[in-house]
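Reading through the structure tokens given below for one structure.
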Amino acid sequence: MSLPSVDVCIVGSGAGGAPLALELGRAGFKVVVLEKGRHYQPKDFVHDEILNSRRNFFMPLPWEEPHLVRQGPKARYERSNAAWTANCVGGGTVHMSGYFYRLKPVDFRLRSTLGAVPGTTVADWPISYEELAPFYDKAEAEMGVSGQAIPHPFAEPRSGPYPLPPLDVHPVASEIDKVCSAMGWHALPTARGIISKAYKGRSPCAYCALCGSYGCETGAKSSTLASLIPNAIATGNVEVRPGCMARSIEVDRQGRAKSVVYLDKDGAAQEQPAKVIIASATAVESARLLLNSTSSRFPNGLANGSGLVGKNLLFSSFGGSRAHFRVSKQKAARPWLTDPAPFVNRSLQDFYVMPDARHGFRKGGTLGFMWSHPNPIYAAVGLAGTGKSGVFGKELKDRMRAYRDSRILEFEVYAEFLPTPGTSVTVEPGVKDKYGIPVAAITLDRHPADFAATRFLVERGEEVLMRLDPDSVERVGTQGETTILQHGTCRFGDDAAASVLDKHCRAHEVPNLYVVDGSFMPTGGSVPSTLTIAANSFRVADHLVRTLKG
Numbered sequence: 004m005s006l007p008s009v010d011v012c013i014v015g016s017g018a019g020g021a022p023l024a025l026e027l028g029r030a031g032f033k034v035v036v037l038e039k040g041r042h043y044q045p046k047d048f049v050h051d052e053i054l055n056s057r058r059n060f061f062m063p064l065p066w067e068e069p070h071l072v073r074q075g076p077k078a079r080y081e082r083s084n085a086a087w088t089a090n091c092v093g094g095g096t097v098h099m100s101g102y103f104y105r106l107k108p109v110d111f112r113l114r115s116t117l118g119a120v121p122g123t124t125v126a127d128w129p130i131s132y133e134e135l136a137p138f139y140d141k142a143e144a145e146m147g148v149s150g151q152a153i154p155h156p157f158a159e160p161r162s163g164p165y166p167l168p169p170l171d172v173h174p175v176a177s178e179i180d181k182v183c184s185a186m187g188w189h190a191l192p193t194a195r196g197i198i199s200k201a202y203k204g205r206s207p208c209a210y211c212a213l214c215g216s217y218g219c220e221t222g223a224k225s226s227t228l229a230s231l232i233p234n235a236i237a238t239g240n241v242e243v244r245p246g247c248m249a250r251s252i253e254v255d256r257q258g259r260a261k262s263v264v265y266l267d268k269d270g271a272a273q274e275q276p277a278k279v280i281i282a283s284a285t286a287v288e289s290a291r292l293l294l295n296s297t298s299s300r301f302p303n304g305l306a307n308g309s310g311l312v313g314k315n316l317l318f319s320s321f322g323g324s325r326a327h328f329r330v331s332k333q334k335a336a337r338p339w340l341t342d343p344a345p346f347v348n349r350s351l352q353d354f355y356v357m358p359d360a361r362h363g364f365r366k367g368g369t370l371g372f373m374w375s376h377p378n379p380i381y382a383a384v385g386l387a388g389t390g391k392s393g394v395f396g397k398e399l400k401d402r403m404r405a406y407r408d409s410r411i412l413e414f415e416v417y418a419e420f421l422p423t424p425g426t427s428v429t430v431e432p433g434v435k436d437k438y439g440i441p442v443a444a445i446t447l448d449r450h451p452a453d454f455a456a457t458r459f460l461v462e463r464g465e466e467v468l469m470r471l472d473p474d475s476v477e478r479v480g481t482q483g484e485t486t487i488l489q490h491g492t493c494r495f496g497d498d499a500a501a502s503v504l505d506k507h508c509r510a511h512e513v514p515n516l517y518v519v520d521g522s523f524m525p526t527g528g529s530v531p532s533t534l535t536i537a538a539n540s541f542r543v544a545d546h547l548v549r550t551l552k553g
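Be aware that the sequence shown starts at 4, since it is given in my numbering, and climbs by one per residue.
Take a look at the structure:
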């Protein structure tokens, strides 16, 4: 059934879709936001690991809605939950940990600054840091970011302080500061998308320790669900429709996007016409939507004349290590071990860019220090292991007792995930989800420099941990990827033959189609990208409001 037309239809309500909805609604335009998942309320967010982390509360079940993933173009696809992020109003911002870093000026000119990397498709951005900086300011103010800016070798320019003071931190943060200073490195406070005091009608953080993998029952976490969506709806011009799965974007005879066809919460097909259509369903799912939107004019997928939709897929390189401190053994020498404060909020960016390639890479990344997540079932599964290395019985009990008596300080590495011709997402017509729609098929073909950078950063992080004199240090890994951080599948650029979108994230081939999640990013940077996606969405909103009014 075709519905009354609106000015703008947005698919997705996360870091990309919500800022646009807010700004367009404020400007007086009628907006419909289609969201596949539920519209959770604060009462829905409870500290239940099985509900939140082990069932389909945020992520769909892989036997109902799989992604296909393979390691290399010759490998077999396997059904997976990888590359899914939260399916709910607010998207991945609802269950994020809220590490809100900015990119650096070098990230916008990576090819020009560091040169081409053989075997990659590294490209400069068509905009500069200076162009995005005012919208970083706006995103931080609108969403609520707590932090403290201090000088360090790779500090990005800022126009002023963070909107909110930093969150309270655990005493181990001072220990990390001392260790890094003694090594000639620069530990810096980690900005968080969590409010440290009452802000715009929201309550401050309750310091419960359950940020990542959970929704925030107090509204302190700066998800778009808590910070932007209510204000967008309050304009009276924005309607958010949960439980609506976009199936395709339709075009008219002139090749302009005319509507989104979707399945509503009852499974009935609906068609929402709009003057402008915006895809913001994550880089994987927006590419999937465009590739499934075929027509006589776009037989290979909407806006895909260049063949680049789904190409240049980026995640974030992942690595890390853990330091184990036996509390009963060490609390006399380290009384801070018994402090219950949940946040460490310390990062290290001294190796964001290397002076030469002697270690096998030039672009490094960020280390973020934190206490290990307190999910007990997750911990038990890790302690038990799998396959031949798995344990049970007394050995498993001993491991669990030791874990119970330990504090675990860890770090995660966010290293550059270089774009390669082989890392991509397409659709697989032979495998369909519960909606009957062909699923996303992801191929990973990583560049060796990714692993060299991650390994180098892990080794530096372990140096910090060892100087804190733990009982043991356990390496988690150096060759992983964080697939909830997604970018690149519809990269933007000035050359229509080498990009899908222009600098305003408008499709080169479809003048009223925009893509505003992480798809636009030619490179992913060496930090979590949530804040950058939101800032870019505010930038695109500024352009689109002026365009529509004009």
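C-beta: ideal position from N, C-alpha, C; glycine also.
Range of the contiguous alpha helix (DSSP H) that encloses F459: For this step, residue 459 is matched to residue 456 along the sequence shown. P451 to R470 is the span of the alpha helix (DSSP H), which, as asked, contains F459.
Close beta carbons around P432, own chain, < 6 angstroms, minus the five adjacent residues each side: Indexing the sequence shown from 1 puts residue 432 at position 429. Cβ neighbours of P432 beyond the five flanking positions: P441.
Between the CA atoms of P302 and F103 - distance to the nearest angstrom: Locating residue 103 in the sequence shown gives position 100, where the first residue counts as 1. Locating residue 302 in the sequence shown gives position 299, where the first residue counts as 1. Distance between the alpha carbons of F103 and P302 is about 39 angstroms.
Residue range of the unbroken beta strand (DSSP E) whose run includes E81: Indexing the sequence shown from 1 puts residue 81 at position 78. Note, E81: beta strand (DSSP E), E81 to S83.
Beta-carbon contacts of V467 that lie in its chain and below 6 angstroms, excluding the five residues immediately before and after: On the sequence shown, residue 467 is found 464 positions in, with the first residue counted as 1. V182.
Host beta strand (DSSP E) of Y417 (start-end): Locating residue 417 in the sequence shown gives position 414, counting from the first residue. Residues S409 to A418.
Beta carbon of G17 nearer than 8 angstroms to that of A286: For the purposes of this step, residue 17 is taken as the residue at position 14 of the sequence shown. For the purposes of this step, residue 286 is taken as the residue at position 283 of the sequence shown. No; because the gap between Cβ atoms is not below 8 angstroms, this pair is not in contact.
K314 versus R449 - alpha carbon distance: Taking the sequence shown and counting its residues from 1, the one referred to as residue 314 is at position 311. Taking the sequence shown and counting its residues from 1, the one referred to as residue 449 is at position 446. Straight-line Cα distance between these residues: approximately 13 angstroms.
Residue interval of the beta strand (DSSP E) (run including Q275): One-based indexing of the sequence shown puts residue 275 at position 272. First-last of the beta strand (DSSP E) with Q275: A272 to A282.
Reference R458; option with closest CA among A335, F321 and V172: Numbered from 1 along the sequence shown, position 455 holds the residue referred to as residue 458. Answer by Cα proximity: F321.
Check whether L340 and R407 have beta carbons under 8 angstroms apart: The count along the sequence shown starts at 1 and reaches residue 340 at position 337. The count along the sequence shown starts at 1 and reaches residue 407 at position 404. Cβ distance not < 8 angstroms, so L340 and R407 don't count as in contact.
Which listed residue (V530, E38 and A78) has its alpha carbon closest to that of T227: The sequence position of residue 227 within the sequence shown is 224, counting from 1. Residue E38 is the option with its Cα nearest to T227.
Among P422, T446, L305 and D472, nearest to Y517 - alpha-carbon criterion: Within the sequence shown, the letter at position 514 stands for residue 517. Of the listed residues, the one whose Cα sits closest to Y517 is L305.
Reduced DSSP category for Y265 - H, G, I as helix; E, B as strand; rest coil: The residue you call residue 265 lines up with position 262 of the sequence shown. Here Y265 sits in strand by DSSP.
Distance, G528 Cα to V461 Cα: Taking the first residue of the sequence shown as position 1, residue 461 is located at position 458. Taking the first residue of the sequence shown as position 1, residue 528 is located at position 525. Approximately 17 angstroms, taken between the alpha carbons.
Beta-carbon spacing of G2, D51 below 8 angstroms: Coverage of the chain is limited to positions 4 through 553, which leaves residue 2 absent and any answer about it impossible.
Endpoints, the alpha helix (DSSP H) within which V548 is located: Your numbering for residue 548 matches position 545 in the sequence shown. From DSSP, the alpha helix (DSSP H) with V548 extends over T533 to K552.
Separation of R463 from I232, as counted between CA atoms: By 1-based counting over the sequence shown, the position of residue 232 is 229. By 1-based counting over the sequence shown, the position of residue 463 is 460. The alpha-carbon atoms of I232 and R463 are separated by roughly 40 angstroms.
Test item: CB-CB of T123 and P422 under 8 angstroms: Working through the sequence shown from its first residue, we reach residue 123 at position 120. Working through the sequence shown from its first residue, we reach residue 422 at position 419. For T123 and P422, yes; Cβs fall inside 8 angstroms.
E484 - partner residues in DSSP beta bridges: Counting from 1 along the sequence shown, the entry for residue 484 is found at position 481. Answer by DSSP bridge pairing, in chain order: S320.
Alpha-carbon spacing of P473 relative to S184, whole angstroms: As a working note, residue 473 is residue 470 in the sequence shown. As a working note, residue 184 is residue 181 in the sequence shown. Each residue's alpha carbon lies about 19 angstroms from the other.
Alpha-carbon spacing of F157 relative to E419, whole angstroms: As a first step, residue 157 is located in the sequence shown; it is residue number 154 there, counting from the start. As a first step, residue 419 is located in the sequence shown; it is residue number 416 there, counting from the start. Cα-Cα distance, rounded: 15 angstroms.
K224 burial status per 10 Å Cβ neighbour count (16 or more: buried): One-based indexing of the sequence shown puts residue 224 at position 221. Buried.
Proximity winner among C247, P121 and F346, relative to L412 (alpha-carbon distances): Here residue 412 is taken as the residue at index 409 of the sequence shown, counted from 1. The shortest Cα separation from L412 among C247, P121 and F346 belongs to F346.
Check whether S251 and G19 have beta carbons under 8 angstroms apart: One-based indexing of the sequence shown puts residue 251 at position 248. One-based indexing of the sequence shown puts residue 19 at position 16. Cβ distance not < 8 angstroms, so S251 and G19 don't count as in contact.
Spatially closest choice to P169 from D267, S289, N348 and L6, by CA coordinates: Walking along the sequence shown from the start, residue 169 turns up at place 166. The option with the nearest alpha carbon to P169 is N348.
Within 8 angstroms, strictly: CB atoms of V14 and I445: Start at 1 with the first residue of the sequence shown, and residue 14 comes out as number 11. Start at 1 with the first residue of the sequence shown, and residue 445 comes out as number 442. Cβ distance not < 8 angstroms, so V14 and I445 don't count as in contact.
Y355 in three-state terms, based on DSSP: Working through the sequence shown from its first residue, we reach residue 355 at position 352. Y355 falls in the coil class under three-state DSSP.
DSSP state of V72 mapped onto helix, strand, coil: For the purposes of this step, residue 72 is taken as the residue at position 69 of the sequence shown. Strand, per DSSP.
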